[in-house]
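Line by line, the protein sequences are chains A and B. Per the numbering used here, the very first residue in the first sequence carries number -7; after that it's consecutive. Per the numbering used here, the very first residue in the second sequence carries number -7; after that it's consecutive. Down below is the structure, laid out as structure tokens.
Protein chains: 2
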Amino acid sequence: MSEAQEPQAQSVGHQIAEEIREMIVDGRLGADDRLPGEQDLATRFGVSRPSVREALKRLAAQNLIRTRRGASGGNFVNRIGWQQAREQFEATATMLVVMGDIDPDALAEARLTLLSAIAPLAAERRLAEELTALRDEIDLQESKTSDEDFCASDVRFYRILVEAARNPLLSAQMASVIEAIQPLLNMIIYRARDRHTIAARHTKLLAALEARDAPAMIAILRDLNDYTVSLVREAQDAREARQTSKESG
Amino acid sequence: MSEAQEPQAQSVGHQIAEEIREMIVDGRLGADDRLPGEQDLATRFGVSRPSVREALKRLAAQNLIRTRRGASGGNFVNRIGWQQAREQFEATATMLVVMGDIDPDALAEARLTLLSAIAPLAAERRLAEELTALRDEIDLQESKTSDEDFCASDVRFYRILVEAARNPLLSAQMASVIEAIQPLLNMIIYRARDRHTIAARHTKLLAALEARDAPAMIAILRDLNDYTVSLVREAQDAREARQTSKESG
DNA sequence: GAGTTTTAAATTGTCAAACAAATCCCCCTC
DNA sequence: GAGGGGGATTTGTTTGACAATTTAAAACTC
């Protein structure tokens, strides 16, 4: 329907990229398959080589194909892995936070919801080495570091927690949300008291994880989320106050 | 680090695209800002216009910019919205399932985990119209339709459920997982008895949602997930058996 | 003078042709 | 037989030109 309304609205490059993408999705092109040469594709689609190149670059930007130069080179269908998928999830989430009208409350709620969801899995599957890694992060958080380091450690803490669930898809998605929330956390000025409070909750969370007590983990996560949200709100209020005083002054 | 190892490994188009992307991420370019013209960018970066065009097409493929022709046209920074984010999540997840070595069990586990996570939110926030929409889907599932229609309805059912949680980020992520799992579901040949079983569970799920009984919803979801997984496993076994007989015959 | 039509300018879209760079494969030399 | 060199193939990049599209100003009509 929409195609009929705008028959040629999309550029040739876009159309060709879409066609090749469909070929990949419905199996006509499998992983590591080699696409025809650029000149081949150009004659096949009835367009010029630069147009084909645009299409290929679009696909390359989505990590759908990789390109190698030279004889027996060409464009090959990429086998997408968890790592790449996570990167793409993160890129999307980052852009969403950076540019979109994002509601911090919704973001925090999403994080809490997802963390609560994986808590049972993590409780069941956590390894001893993850416990020590988490312990190290807590130690770092209790030391006197910069706000940025503290925040980065906080992010790492939750990433380890997520990895403990041993589900790559969940890890990839959670990582994107955790990554996305970092800019918000970076706004916060952490007072010593704040850090102590957070580190203490993390310690309790770690204990609950060690005890494989998922309900306790969820309760702590909820508590911690409320606290973080209040800090973010404080920071936002402070920022707004600064801006209004700047405008009036 | 990795950049030092391969200084010029990335093409010019890739590098320029990365630079512009950074400009967007760190705020030098805001939403709806207009980029310099292609010729301008070409001279500014010291490359030819086609190279710049490749970079722009890469960005366009990621929905970071939009392009308009004509006077006062040009390339503009896109404000990314929930809709577009969801599409990108879906594209990534779909590719992951289509091409990656994905473990169906992990996928099912992710879906169950996420659905369980949003169940409390959905129970709290569901609207009357969503209940009727779900009812309609169940009716459709009990009617005699093609397997594909049944499967599509199943997907729509869960999408409505996810929307009821009223958290756009969760919706976007969940939608991607639900979308990703569809190819797996499409493998299943639904017998009349299967359909009846599934529709009955859906009815129970709907009742629990109406009663705002999240724990009941989670129990039903878990049950339903086990059933679906068993069906998928059956389908896979059948497929494998077919292939081995094909090979030997 | 107001409204409409025409025209011109700016910008992206597409194409063509050529050369550069990288890579592989075959062949040739030692 | 082993190793290096050259040719062939393929992508990377540039130059130049023209087409298509859109805006806005200019000219024209009423």
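Where a beta carbon is used, it is the ideal one built from N, C-alpha and C, also for glycine.
For the region 86 to 96 of chain A and the region 172 to 180 of chain A, state whether three or more C-beta atom pairs, one from each stretch, are separated by less than 8 Å. yes
Between the alpha carbons of Thr220/B and Ser108/B, how many angstroms are there, rounded? 16 Å
Quick check: what's the CA-CA separation for Glu82/B versus Phe81/A? 10 Å
Can you check the region 54 to 127 of chain A for any alpha helix (DSSP H) of at least 4 residues that lies completely inside it and give the ranges in chain order? 74 to 91 and 96 to 117
Do you know how far the Cα of Leu126/A is from the Cα of Gln0/A? Note on Gln0/A: pLDDT 44, under 50, position unreliable in the model; no value is reported.
Contacts around Ile16/A, its chain only, beta-carbon distance under 7 Å, and the 5 residues preceding and following it disregarded: Leu56 and Val69
When you compare the region 96 to 112 of chain A with the region 150 to 164 of chain B, are there three or more beta-carbon pairs, one atom per stretch, that lie closer than 8 Å? yes
Excluding the five sequence neighbours on either side, which residues of its own chain have a C-beta within less than 8 Å of the C-beta of Leu123/A, listed in chain order? Leu198, Leu201 and Glu202
For chain B, check one thing: does any of its Cβ atoms lie closer than 8 Å to the Cβ of Ala233/A? no
Please look up how many angstroms separate the CB atoms of Asp215/A and Arg183/A, rounded, as I've assumed it's under 8 Å. The Cβ separation is near 19 Å, so there is no contact.
Should Ser(-6)/B go down as buried or exposed, given a rule of 16 or more other Cβ atoms within 10 Å for buried? Residue placement at Ser(-6)/B is flagged as unreliable, the pLDDT there being 36, under the threshold of 50; the coordinate-derived value follows with that caveat. It is exposed - the Cβ of Ser(-6)/B has fewer than 16 other Cβ atoms within 10 Å.
What did DSSP end up calling Arg158/B once you bin it into helix, strand or coil? coil
Can a CB atom of chain A be found closer than 8 Å to the CB of Gly65/B? no
Quick check: is the beta carbon of Gly92/A nearer than 8 Å to any beta carbon in chain B? yes
Based on the DSSP secondary-structure assignment, which residues constitute the bridge partners of Glu26/A? Checking the displayed sequence, the identity of residue 26/A turns out to be Arg instead of Glu. Partner(s): Phe68/A.
Tell me the residue span of the alpha helix (DSSP H) that contains Arg183/B. No alpha helix (DSSP H) contains Arg183/B, which DSSP labels as neither H nor E.
From Glu46/A to Leu21/B, what does the alpha carbon distance come to, in whole angstroms? 24 Å
Please determine if the region 31 to 50 of chain B and the region 0 to 14 of chain B are in contact, where contact requires at least 3 C-beta pairs separated by less than 8 Å. yes
For Val242/B, which residues in the same chain have their Cβ closer than 8 Å to its Cβ, ignoring the five residues on either side in sequence? As displayed, chain B neither begins before -7 nor continues past 241, which places residue 242/B out of reach and without an answer.
Can the beta-carbon of Ile210/A be found less than 8 Å from the beta-carbon of Lys196/A? no
Exposed or buried, Gln75/A, counting other C-beta atoms within 10 Å across all chains shown (16 or more means buried)? exposed
Give a yes or no on whether the minimum CB-CB distance between Glu46/B and chain A is below 8 Å. yes
Beta-carbon proximity list for Val242/B, same chain, < 6 Å, skipping 5 on both sides: As displayed, chain B neither begins before -7 nor continues past 241, which places residue 242/B out of reach and without an answer.
Residues near Glu232/B by beta carbon distance below 7 Å, same chain, minus five either side: none
Contact defined as beta carbons within less than 8 Å: I believe Glu30/A pairs with Arg41/A. What is the distance between those atoms, to the nearest angstrom? 5 Å
Output needed for Ala243/B: all residues of its chain with C-beta closer than 8 Å, excluding positions within five of it in sequence on either side, in chain order. Outside the displayed range of chain B (-7 to 241) lies residue 243/B, so it cannot be described from this structure.
Excluding the 5 residues flanking Gly66/A on each side, which residues of the same chain have their C-beta closer than 7 Å to its C-beta? Arg26, Leu27, Gly29 and Arg60
If distances are taken between C-alpha atoms only, which option among Ala230/B, Arg204/B and Ser145/B comes closest to Glu257/B? This structure does not reach residue 257/B, given that chain B is present from -7 up to 241, and the question cannot be answered.
Who are the Cβ neighbours of Ala164/A in its own chain at under 7 Å, not counting the five residues just before and after it? Trp74, Ala77, Arg78 and Phe81
Please list the partners that Ile72/B has in chain A, where partner means a Cβ-to-Cβ separation under 7 Å. Met87, Leu88, Met91 and Gly92
So is Leu106/B in contact with chain A if we call contact Cβ pairs under 8 Å? yes
Along the alpha helix (DSSP H) that carries Ala9/A, what are the first and last residues, could you check? Val4 to Val17
Considering Cα atoms alone, identify which of Asp24/A, Ala98/A, Leu51/A and Ile94/A is closest to Asp218/A. Ala98/A
Tell me whether Val39/A sits in a helix, a strand or coil according to DSSP, three-state version. coil
Please name the residue, chosen from Ala208/A, Ala120/A and His188/A, that lies closest to Lys136/A on a Cα-to-Cα basis. His188/A
In terms of alpha-carbon separation, which member of Ala53/A, Pro207/A, Ala230/A and Glu226/A lies closest to Ala111/A? Pro207/A
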